[in-house]
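Residue numbers (our numbering), protein chains in the order written: chain A, 165 to 563; chain B, 165 to 563.
Here the structure comes first, spelled out in structure tokens, and everything after it is commentary.
2 protein chains.
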Amino acid sequence: MGDFNQSVILEAIRQADDGLSRTELVAATGLSAQTVTNITRRLLGDGFIREAERRINGPGKPRVTLRLIADSRFSVGVHLDPAVMTFVLLDLSGAVVRRMSVRTPAKEPRLIIESMAATIEALIAGSGVDRTLIAGVGVAAPGPLDTQKGTVIDPPKLLGWHRVPLRAVLAEATGLRVVLEKDTTSAAVGELWKRRGSADDSFVFVYLGTGIGAALARDGEAVRGSTHNIGEIGHIIVDPQGPSCTCGLRGCVEVVCTPEAIVERAERAGVFQDDREGSDAAAVDVRFSELCDRSAAGEEQAREVLRQAAEHLAVLTAALTNMLDVDRVVVGGPFWARFSEIALDVIPGSLERASATRALRSLPVAGTVVGDDVGAVGAGCVVLDSLLSPRASDLLLDD
Amino acid sequence: MGDFNQSVILEAIRQADDGLSRTELVAATGLSAQTVTNITRRLLGDGFIREAERRINGPGKPRVTLRLIADSRFSVGVHLDPAVMTFVLLDLSGAVVRRMSVRTPAKEPRLIIESMAATIEALIAGSGVDRTLIAGVGVAAPGPLDTQKGTVIDPPKLLGWHRVPLRAVLAEATGLRVVLEKDTTSAAVGELWKRRGSADDSFVFVYLGTGIGAALARDGEAVRGSTHNIGEIGHIIVDPQGPSCTCGLRGCVEVVCTPEAIVERAERAGVFQDDREGSDAAAVDVRFSELCDRSAAGEEQAREVLRQAAEHLAVLTAALTNMLDVDRVVVGGPFWARFSEIALDVIPGSLERASATRALRSLPVAGTVVGDDVGAVGAGCVVLDSLLSPRASDLLLDD
């Protein structure tokens with residue numbers, strides 16, 4: 165139990181803004197004074213924590229505050245989106261030390277992974293951080309994943325990716341420990357870290373990337389599901405009049421709510437005069453931005469397309485919250501910020517009307533507190549989790 | 165921790181078909197020999213367990229096997245379905261000692277609860293069980309519920325039920341402790357009891373009652389959600405061409421998959437010559453049976469309606485398993501047995517094709533091992549859980 169108790173103590177110190185004394189740690193963790201003394205001695209020796217100021221609280225000995233040494237360890241978080249790859253270097257407190265992003269090259273998977281490795285090297289080199297202090301690389305990738313083998317199976321939006329051994333190839337290329345996590349679950353982990361979630365925090369995270377996914381947090385922890393593929397919601401039907409889907413039905417999230425589907429709807433509605441340049445994820449990204457800009461500038465047709473999209477997302481969100489019975493909804497991902505104003509105008513009201521528990525409580529809807537890089541930041545937090553937190557994700561790196 | 169450890173030991177003894185010796189209990193629970201000795205002495209004194217045969221395993225002292233005394237405590241489980249109320253008396257092993265069922269009277273809620281109380285008295289009296297040995301009554305009711313207040317809020321299929329204080333009224337009428345649980349979650353608890361689930365058992369339970377609901381088990385325990393209303397899936401769309409729904413969309417589970425919706429589809433298809441007698445839940449029940457009988461007798465039109473219904477349930481099941489990432493699907497509820505043959509012919513194949521994790525594993529689909537009374541049996545198990553198991557549901561009875 166030694167490592168587990170060490171994680172409990174480190175996590176308690178991390179979560180306390182003002183640090184904690186040994187006496188406070190005993191109260192916070194329920195561990196014995198002797199155990200706290202032994203473990204904090206070890207953590208001081210390893211340079212994870214330091215003794216800060218002495219505080220006097222009434223009579224008795226002054227108490228020495230223990231604080232995390234944020235720059236004692238680091239992690240790299242990578243978000244692999246079909247349109248863009250985002251890289252962050254996090255310190256042990258979860259703060260972003262350095263950030264980079266590059267367009268995802270339209271190449272075969274192994275070349276993309278090589279480009280990923282090169283950017284990771286540039287990120288580390290440019291930060292001036294000692295490479296030996298980097299605990300590992302977390303990669304957030306679209307599911308489904310085989311997390312046991314560390315492979316990306318066949319995400320609908322990553323063309324040409326079939327059972328790509330991303331973890332092994334990237335570990336080989338960087339010499340660093342690599343952990344693979346779903347982009348959506350990474351985002352939920354990032355949200356939990358940033359909020360320093362209370363023990364009963366429960367939310368569904370609706371993730372707007374090139375594809376749409378969901379993640380789940382319950383009791384202050386990310387729920388991953390039995391194959392770590394929780395949240396594959398692409399074929400929930402949200403618009404019975406919507407376009408046909410490859411699954412044989414129509415109006416699925418996949419063909420209604422994705423940025424590509426929204427852009428196509430705007431094109432059909434005549435929002436754009438000219439044809440789209442290219443059909444790849446990057447071209448969709450450009451058009452989606454333009455659509456949001458035009459809506460913000462007051463163009464009614466553009467605004468109507470986005471309002472429709474928000475209504476469809478509300479149908480999805482209601483299906484998820486009614487199924488999952490969580491306390492709140494968090495939305496985020498690379499397409500969120502541009503779309504958030506209209507979405508936050510539409511979704512809460514629609515959700516309230518459709519909520520099976522409206523007689524008991526209302527369901528707050530909010531954008532992630534982490535921002536646009538939530539996938540990458542969350543992937544870095546998954547690595548830090550394995551150092552700090554007494555959580556199931558500890559097991560992730562040990563296979 | 166005394167009560168918690170006692171629960172751990174009782175649960176371990178319950179789950180072991182052949183009983184357990186004190187030495188085996190130490191190995192199974194991780195508790196100290198002294199703690200096991202103290203707690204088992206108390207349990208022997210209270211009459212929950214008994215010393216059975218002595219076994220000789222190699223050298224050393226013979227080991228005394230400890231067994232649960234099944235008739236030391238009992239619970240009552242009630243399933244309130246709009247069509248029928250089912251009552252079971254369970255012993256401490258979870259076995260059904262006695263069973264009764266009555267048509268749910270078409271009366272106002274308080275009169276229904278009085279009828280419920282009267283049947284509970286008849287059940288107990290007819291069993292010959294000493295009333296003081298009954299630990300409580302578990303009631304499985306359609307959601308949404310306010311489990312804190314013990315009220316049934318406004319289930320779509322229970323007409324006239326608005327914030328009915330079922331728990332308080334029934335406790336007053338019977339003088340017994342009453343716990344209220346969703347019918348779907350009760351069913352999942354029943355399944356977990358009967359299977360003596362392994363610690364990593366995870367499944368979604370698709371429940372076919374007058375309404376359709378779902379429940380979730382993860383890590384061998386029922387997941388209840390933050391308001392105990394998990395699994396409200398009535399407005400997930402499964403048939404984009406389906407009938408309009410009160411929610412403003414069309415083709416929801418509520419208007420496609422319920423027995424009433426299936427019967428209506430059969431009526432539109434001309435399966436029945438005459439009009440239905442009455443529009444209540446009981447009349448639907450009769451027609452649903454007739455539809456299944458005709459299908460079994462080879463009537464093609466009847467069979468086609470049921471195959472369609474099974475396909476729609478497969479769409480629902482795929483939405484749930486892709487979202488939840490569980491290991492298997494369990495189906496049950498009062499309408500399951502009649503429908504199971506066709507459903508088990510259709511659902512597994514459709515689910516396999518629609519599963520996001522089909523590259524990783526297949527998803528078994530099976531009827532509940534508990535049978536038709538799974539809601540009532542599960543409700544009784546919720547009460548036994550509070551006596552035996554170190555689980556979250558311990559808290560249910562203490563409010």
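Quick reminder that beta carbons are idealized off the backbone N, C-alpha and C, glycines included.
Quick caveat: nothing in here was measured; it's all calculated off a predicted structure.
{"Query": "Tell me which same chain residues have a C-beta within less than 8 Å of the C-beta of VAL260 (chain B), skipping the five on either side of it?", "Result": "VAL252, LEU253, LEU254, ASP537, VAL541"}
{"Query": "State yes or no: is the beta carbon of HIS476 (chain B) nearer than 8 Å to at least one beta carbon in chain A?", "Result": "no"}
{"Query": "May I ask which residues mark the beginning and end of the beta strand (DSSP E) holding ALA304 (chain B)?", "Result": "298-305"}
{"Query": "Using a Cβ-Cβ cutoff of 9 Å, what residues of the segment 333-351 of chain A are near chain B? List them in chain order.", "Result": "none"}
{"Query": "So with CB distances below 8 Å, who are the chain B contacts of PRO308 (chain A)?", "Result": "ALA520, THR521, ALA523, LEU524"}
{"Query": "Could you check the C-alpha separation between PRO273 (chain B) and ALA282 (chain B) for me, to the nearest Å?", "Result": "14 Å"}
{"Query": "Given 7 Å as the limit, tell me if ASP537 (chain B) has its C-beta closer than that to any heavy atom belonging to the ligand ADP.", "Result": "By its list of ligands, the structure shown contains no ligand whatsoever, and the ligand ADP lies outside what it can speak to."}
{"Query": "My understanding is that VAL490 (chain A) touches SER519 (chain B), with C-beta atoms under 8 Å, so please give their C-beta distance in whole angstroms.", "Result": "Wrong, their Cβ atoms sit about 24 Å apart, outside the cutoff."}
{"Query": "For my contact list, THR199 (chain B) and ILE284 (chain B) are in at a C-beta cut-off of 8 Å; report their separation, rounded to the angstrom.", "Result": "Contact doesn't hold; Cβ gap of about 38 Å is too wide."}
{"Query": "Note down the Cα distance separating VAL448 (chain A) from ASP318 (chain A), rounded to an integer number of angstroms.", "Result": "21 Å"}
{"Query": "Using the rule of at least 16 other Cβ atoms within 10 Å of the residue's Cβ for burial, across every protein chain shown, is GLN170 (chain B) buried or exposed?", "Result": "buried"}
{"Query": "List the residues of chain B that HIS399 (chain A) touches, going by C-beta distances under 9 Å, in chain order.", "Result": "VAL479, ALA482, ALA483, ASN486, ALA518, ALA520"}
{"Query": "Please look up how many angstroms separate the CB atoms of VAL266 (chain A) and GLY302 (chain A), rounded, as I've assumed it's under 8 Å.", "Result": "18 Å between Cβ atoms; not a contact."}
{"Query": "Determine which residues share a DSSP beta bridge with HIS243 (chain B) and list them.", "Result": "B:THR250, B:ALA304"}
{"Query": "With the cut-off set at 8 Å, would you say ARG382 (chain B) and CYS456 (chain B) are in Cβ contact?", "Result": "no"}
{"Query": "So, at 8 Å on beta carbons, what are the nonlocal neighbours of GLU516 (chain B) in its own chain, with the 5 sequence-adjacent residues on each side left out?", "Result": "ARG522, SER526, LEU527"}
{"Query": "Can you name the residues of chain B whose CB is closer than 8 Å to the CB of ARG414 (chain A)?", "Result": "PRO404"}
{"Query": "Taking only the alpha-carbon atoms, compute the straight-line gap between GLY183 (chain B) and LEU232 (chain B) and give it to the nearest angstrom.", "Result": "7 Å"}
{"Query": "If we cut at 8 Å on Cβ distances, does VAL419 (chain B) have a partner in chain A?", "Result": "no"}
{"Query": "Alpha carbon to alpha carbon, what distance is there between LEU524 (chain B) and VAL417 (chain A)?", "Result": "23 Å"}
{"Query": "Hey, quick one: how far does the alpha helix (DSSP H) through LYS358 (chain B) stretch, first residue to last?", "Result": "347-359"}
{"Query": "Taking the straight line between their C-alpha atoms, what separation do you get for ALA192 (chain B) and THR296 (chain A)?", "Result": "42 Å"}
{"Query": "As a quick exercise: from A:GLU464, A:SER196, A:ARG262, A:GLU336, pick the residue whose alpha carbon is nearest that of ALA286 (chain A).", "Result": "A:ARG262"}
{"Query": "Less than 8 Å between the C-beta atoms of ILE397 (chain A) and GLY377 (chain A), yes or no?", "Result": "yes"}
{"Query": "Could you tell me how far apart the beta carbons of ARG414 (chain B) and PRO306 (chain A) are, in whole angstroms, since I believe they sit closer than 8 Å?", "Result": "So it is not a contact: roughly 31 Å between Cβ atoms."}
{"Query": "If you run the structure through DSSP and keep just helix, strand and coil, what is VAL534 (chain A)?", "Result": "coil"}
{"Query": "Give me the DSSP bridge partner(s) of LEU232 (chain B).", "Result": "B:ILE213"}
{"Query": "Kindly give me the distance between the Cβ atoms of ILE213 (chain B) and ILE177 (chain B), rounded to whole angstroms, as I take these residues to be in contact under 8 Å.", "Result": "6 Å"}
{"Query": "Do LYS358 (chain B) and VAL547 (chain B) come within 8 Å of each other at the CB atom, strictly closer than that value?", "Result": "no"}
{"Query": "Using a Cβ-Cβ cut-off of 7 Å (strictly less than) and excluding sequence neighbours within five positions of MET165 (chain A), which residues of its own chain qualify?", "Result": "Note on MET165 (chain A): pLDDT 40, under 50, position unreliable in the model; the coordinate value appears next. Once the five neighbours on either side are set aside, MET165 (chain A) has no close Cβ partner at all."}
{"Query": "Here's the rule: buried if 16 or more other CB atoms are within 10 angstroms of the residue's CB, otherwise exposed. What is LEU559 (chain A)?", "Result": "Reliability of the predicted coordinates at LEU559 (chain A) is poor, the pLDDT of 39 falling under 50, and no value is obtained from them."}
{"Query": "Can you name, in chain order, every residue of its own chain whose Cβ lies under 7 Å from the Cβ of ALA425 (chain A), other than the five neighbours on each side?", "Result": "VAL419"}
{"Query": "Would VAL402 (chain B) and LEU480 (chain B) qualify as a contact pair, given that the criterion is a beta-carbon distance under 8 Å?", "Result": "yes"}
{"Query": "Using beta carbons (cut-off 8 Å, strictly below), is SER196 (chain B) in contact with chain A?", "Result": "no"}
{"Query": "How should ILE220 (chain A) be labelled, buried or exposed, when 16 other C-beta atoms within 10 angstroms of its C-beta is the threshold for buried?", "Result": "exposed"}
{"Query": "Does DSSP put THR311 (chain A) in a helix, a strand or coil?", "Result": "coil"}
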